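Residue numbers 118 to 201, in my numbering, belong to the letters of the sequence shown in order. Below: the structure, in structure tokens.
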Amino acid sequence: MKKRGKNISHELIYRHIRADESGELASYCRHKMKYDSHGPPDRTTKVRNIPERVSIHERPAEANGKRFGDWEMDTIVGKDGKGL
């Protein structure tokens, strides 16, 4: 295929095998495509242990950061005490 000017990667071949709904192409693979971890990542929140929690978007107008106790701060410190 390279002589014909087309580049085909191994991932392109696997993508074609995964798209085969009959499963026939996967049966020819040594691992039978058992390890299919290629999908959209799950971005849903996993925190379920806070009862009756309120979204930050629903906070009152007074909590604009000017009153003591309402300000927010990033507490993550990077390598050598520097920010990320």
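Using N, Cα and C, we set each Cβ at its ideal position, and we do this for glycine too. These numbers were taken from a predicted model, which means no experiment stands behind them.
- Pairing alanine 136 with glycine 122, the inter-Cα distance amounts to about 24 Å.
- In this structure, isoleucine 134 places its C-beta atom within 8 Å of the C-beta atom of methionine 150.
- Excluding the 5 residues flanking it on each side, isoleucine 125 has same chain C-beta neighbours closer than 7 Å at Met118, in chain order.
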